[in-house]
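Visitor: The structure's right below; bear with me while I get my questions together.
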């Protein structure tokens, strides 16, 4: 009966929800009674809507399957593959297309049988999945990070983040003007109006009329995607204006037009924080995605202003952000002396890198030098090569190659680690984090150069980005525990990769900052310190640093 809508022509009697809550509620709420589930966070949300708590999960098949490298996001394929049993999927019950029946209206006998079968399959899967978890030395990762993180994410989703629709409306009006301005500037560069959003029209204008160097061939002409146009940026001013127009139109359609429809009755947006999607272990945000709102552009910051502190009498938002965590993880795992020393001395890492590679004094480093060094520092974690650096900086391929060669000469520990990591990944078939999380990379043996190169970049990236993801997950669990122990009313409401956002009463904001400064750097003992930056403000877009 939970969530099921009785049909008028249904002669199968249903239990009153009050009876179900009375009989099953205490068992579900008792944390001392172990529970097994597939996607326990989803189960918690559904039972919460029916007025029941769900505590004591000690086995979540979706999380275990994800850690073992399973790619399916539903139970049925897992059961079919592991047990050889065909079970009905929700689509099997509802049908598809216009004739689809909402699951809540499918005949209760079918739904009940399917639900019982799913519960049975979870129990049947458990022994095999737990055995593989132990064989692959993933038990600690599961029991100390992923499983305790699940209720933390549930609570963050349940609370949500307040959004002021009026602020969003005002921003949308202003952005219409900004898009029109960007459009006019493109037309002025070209000399006439055309459909900027049409790849074919844009290709005809750029490579036909304007005679710009041709990019790779496509069915509609020549490529006008971000990567292709990036290489033309330094020589064609119109490209920057096209990028601005694209960025503004994407922000408007993705956020300004779409976000109002996602505001719940309580005035808040309740995003889904997914822990079984990103192969590196990073959390992802969907329905809607709140992790991709740009922070480095005025338009992105404007949208963030609509996410407002609420709930308390004097509410504020507090943001706690790991500073350059992936570079610090890189320094730790490579043990490169130059990189480690720079962080130990609390230097500007990008200025230090530029000074080292360009053979100048730190005070002689120009803005352009620092920008190139910054691009390489972050790009190294993603296996960026000379083409990637050249297209992003305006350097020639030769200049980019020379820079990368000089970088590796001055930071030899990084190159040595990369080579060792690639060899290890090829031998094992997977990359892993310092906490043992694995990413299986069969494509690293591909005969296709592009496919193999992509897998090699993923092998380099996994220990860096994956370890950083594990570190912030540990911090989230410990901070949530500490907030509960101190009986704080503040709430953790969002994670954006390296940043945690809290909604607090003003008089608790200092305690939240102290907790973050104490707990976040202690997630992993490293050769370099983990540094945390704090900000506070009335909304997500207007936050000032906390000393």
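In the numbering used here, the protein residues as written are 10 to 556. Using N, Cα and C, we set each Cβ at its ideal position, and we do this for glycine too.
(1) Let me make sure I understand the geometry here. Which of 482, 546, 204 has the alpha-carbon closest to that of residue 150?
(2) Rounded to a whole number of angstroms, what is the C-alpha to C-alpha distance between residue 127 and residue 322?
(3) I need the boundaries of the alpha helix (DSSP H) containing residue 30, first residue and last residue.
(4) So for residue 438, helix, strand or coil by DSSP?
(5) Using the C-alpha atoms, what's the distance from residue 268 back to residue 178?
(6) For residue 304, count neighbouring Cβ atoms within 10 angstroms of its own Cβ and tell me buried if that reaches 16, exposed if not.
(7) So residue 283 is in the alpha helix (DSSP H); what residue range does that whole segment cover?
(8) If you count every other CB in all the chains shown that lies within 10 Å of the CB of residue 379, and 16 or more means buried, which is it?
(9) Alpha carbon to alpha carbon, how far is residue 244 from residue 415?
(10) For the beta strand (DSSP E) containing residue 286, list its first residue and its last residue.
(11) If you run the structure through DSSP and keep just helix, strand and coil, what is residue 147?
(12) In the DSSP output, which residue or residues are listed as bridge partners for residue 196?
(13) Counting along the chain, where does the alpha helix (DSSP H) carrying residue 260 start and finish?
(14) My understanding is that residue 65 touches residue 50, with C-beta atoms under 8 Å, so please give their C-beta distance in whole angstroms.
(15) Once the 5 residues before and after residue 286 are set aside, which same chain residues still bring their CB inside 7 Å of it?
(16) Which residues in the same chain as residue 505 place their Cβ atom closer than 6 Å to its Cβ, once the five residues preceding and following it in sequence are excluded?
(17) When the Cβ atoms of the stretch 231-244 are set against those of the stretch 153-163, are three or more pairs found closer than 8 Å?
(18) Taking residue 171 as the reference, give the member of 325, 28, 386 with the closest Cα.
(19) Give me whichever residues DSSP pairs with residue 362 in a beta bridge.
(20) Can you give me the C-alpha to C-alpha distance between residue 533 and residue 444, rounded to a whole angstrom?
(21) Answer yes or no: do residue 555 and residue 539 have a C-beta to C-beta separation smaller than 7 Å?
(22) What separation, rounded to the nearest whole angstrom, lies between the Cα atoms of residue 54 and residue 260?
(23) If distances are taken between C-alpha atoms only, which option among 227, 248, 486 comes closest to residue 199?
(24) Given a threshold of 16 other Cβ atoms within 10 Å of its Cβ, counted over all protein chains shown, does residue 372 qualify as buried or as exposed?
(25) Please report the distance separating the alpha-carbon of residue 204 from that of residue 181.
(26) For residue 386, name the three-state secondary structure that DSSP assigns.
(27) Please return the same chain residues whose Cβ sits closer than 6 Å to the Cβ of residue 400, not counting the five positions on each side in sequence.
(28) When the Cα atoms are used, what is the spatial distance from residue 312 to residue 302?
(29) Short check: CB of residue 365 to CB of residue 419, under 7 Å?
(30) In terms of alpha-carbon separation, which member of 69, 122, 500 lies closest to residue 132?
(31) Could you pull out every residue in the same chain whose Cβ sits closer than 6 Å to the Cβ of residue 403, ignoring the five residues on either side in sequence?
(32) Please state whether the Cβ-Cβ distance between residue 231 and residue 216 is less than 7 Å.
(33) Would you identify the three-state DSSP class for residue 227, choosing helix, strand or coil?
(34) Taking residue 548 as part of the alpha helix (DSSP H), name the residues at either end of that continuous run.
(35) Which one of 441, 189, 14 has the shortest CA to CA distance from residue 560?
Guide: Short version:
(1) 482
(2) 45 Å
(3) 26-38
(4) coil
(5) 11 Å
(6) exposed
(7) Not the alpha helix (DSSP H): residue 283 falls in the beta strand (DSSP E), residues 281-283.
(8) buried
(9) 26 Å
(10) Taken as a continuous stretch (DSSP letters only), residue 286 belongs to no beta strand (DSSP E), as it is neither H nor E.
(11) coil
(12) According to DSSP, which records beta bridges pairwise, residue 196 is partnered with nothing at all.
(13) 246-260
(14) 14 Å between Cβ atoms; not a contact.
(15) 293
(16) 300
(17) no
(18) 325
(19) Residue 362 pairs with nothing; no bridge assigned.
(20) 10 Å
(21) no
(22) 30 Å
(23) 248
(24) exposed
(25) 22 Å
(26) helix
(27) 239, 240
(28) 8 Å
(29) yes
(30) 69
(31) 243
(32) yes
(33) strand
(34) Counting along the chain, residue 548 falls outside any alpha helix (DSSP H), though it belongs to the beta strand (DSSP E) covering 541-548.
(35) Residue coverage of the chain in this structure runs from 10 to 556, which leaves residue 560 outside it and unanswerable.
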